[in-house]
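In the working numbering, the protein residues as written are 4 to 337.
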């Protein structure tokens, strides 16, 4: 049932729900976890996110009902109901409840609205609005995730799912170049002139060897500095691009949510206006029917009075004729 007012119960227990609750249960087989790519996955994640947005505002009974629908995979849209919300089994159950005199279900409305959105019939939305006073879903996702122990609707993306940085190849490509230049400089320290004796060679090699370590260390330091120059700007730009993309996605998400809320509010206002017009037209029609009935009643009464008057005249005439009839002759033989 939708929340009434802004008063929150701090000790209210909220049932936790995540992608781990999407389990396929087939008789005679062990339970199977629904995974990304399965037919039940996409709509299941949508329904779990919808539950997260409404859980803190639902009663415990409504939480249990919505959890049972999701865990039982009752949200799945069969091919016959892809473009026909009225054919979905949750909608058929709603109609059956209404026919039996029961109230509609708010958790079922949340599921159907998540699956079909604006394709739900005006008649169904009017029934929900008449029962609950509203047909608009207010997002309480932040309140849900403020509770300890909550899990996201779907698993976090692995590192393999993220695209590699465009700067990574550039940094890696520079490493062989730096290594070659360093190796070349190190080799120059061991360069030996042609025609020199083996003793001179050993002496120069020995002396060069003494100078090799500081030269190598200097070259390694230069290589690290060169790599740092490439990596630091690359990381800075990559971080800035990531921040801009996240900010852009957040802005687009907020804009889409604002547009949806305004559209739903406009749609609700339009439906309310249509209902008012329909009610006024119905009252006008009832008034006209009432006036017509009154006119017909008056005409019938007049005809009845005339008939009674005419019938009375006939009776009076018959009585007069009876009074004027001569008496029968009497027998004188006696």
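Where a beta carbon is used, it is the ideal one built from N, C-alpha and C, also for glycine. Predicted model, so just to flag it, every value in this text is computed and none were measured.
Same chain, Cβ closer than 6 Å to residue i, five either side skipped, listed in chain order
| i | result |
| --- | --- |
| residue 129 | none |
| residue 327 | none |
| residue 196 | Because residue 196 carries a pLDDT of 42, less than 50, the predicted location of this residue cannot be relied on, and the following value inherits that uncertainty. If we look at residue 196 and ignore the five residues flanking it on each side, it has no Cβ neighbours. |
| residue 308 | none |
| residue 49 | 117 |
| residue 23 | none |
Own chain, CB closer than 7 Å to residue i, minus 5 neighbours either side, in chain order
| i | result |
| --- | --- |
| residue 271 | 138, 139 |
| residue 54 | 20, 69, 73 |
| residue 84 | 90, 91 |
| residue 113 | 53, 57, 69, 140 |
| residue 176 | Note that residue 176 scores a pLDDT of 44, beneath 50, so its modelled location is shaky; the value from the coordinates is reported in the next line. Here the set comprises nothing. |
| residue 15 | none |
Per DSSP, cross-strand counterpart(s) of residue i
| i | result |
| --- | --- |
| residue 35 | 27 |
Rounded distance between the beta-carbons of residue j and residue i, thought under 8 Å
| i | j | result |
| --- | --- | --- |
| residue 97 | residue 107 | 6 Å |
| residue 142 | residue 89 | About 27 Å; that fails the 8 Å criterion. |
| residue 64 | residue 147 | Wrong, their Cβ atoms sit about 18 Å apart, outside the cutoff. |
| residue 156 | residue 51 | 4 Å |
| residue 111 | residue 93 | 5 Å |
| residue 17 | residue 150 | 6 Å |
| residue 274 | residue 125 | 6 Å |
| residue 34 | residue 135 | Incorrect: roughly 35 Å between the Cβ atoms, too far for contact. |
Close beta carbons around residue i, own chain, < 8 Å, minus the five adjacent residues each side
| i | result |
| --- | --- |
| residue 268 | 139 |
Proximity test, residue i beta-carbon vs the ligand ADP heavy atom, cut-off 6 Å
| i | result |
| --- | --- |
| residue 26 | Of the ligands one can find in the structure shown there are none, so the ligand ADP has no counterpart to examine. |
Closer than 7 Å to chain C by CB, residue i
| i | result |
| --- | --- |
| residue 83 | The chain labelled as chain C is not found in the depicted structure, where only one protein chain is given. |
Give a yes or no on contact between the segment 74 to 89 and the segment 38 to 50, applying the rule of three or more CB pairs nearer than 8 Å.
yes
Taking one C-beta from the segment 26 to 34 and one from the segment 113 to 130 each time, how about it: are there three or more such pairs within less than 8 Å?
no
Start-end ranges of the alpha helix (DSSP H) lying completely within the segment 46 to 126, minimum 4 residues:
63 to 74, 92 to 102, 109 to 119
Can you list the beta strand (DSSP E) stretches of 3 or more residues lying completely in the segment 270 to 332, in chain order?
none
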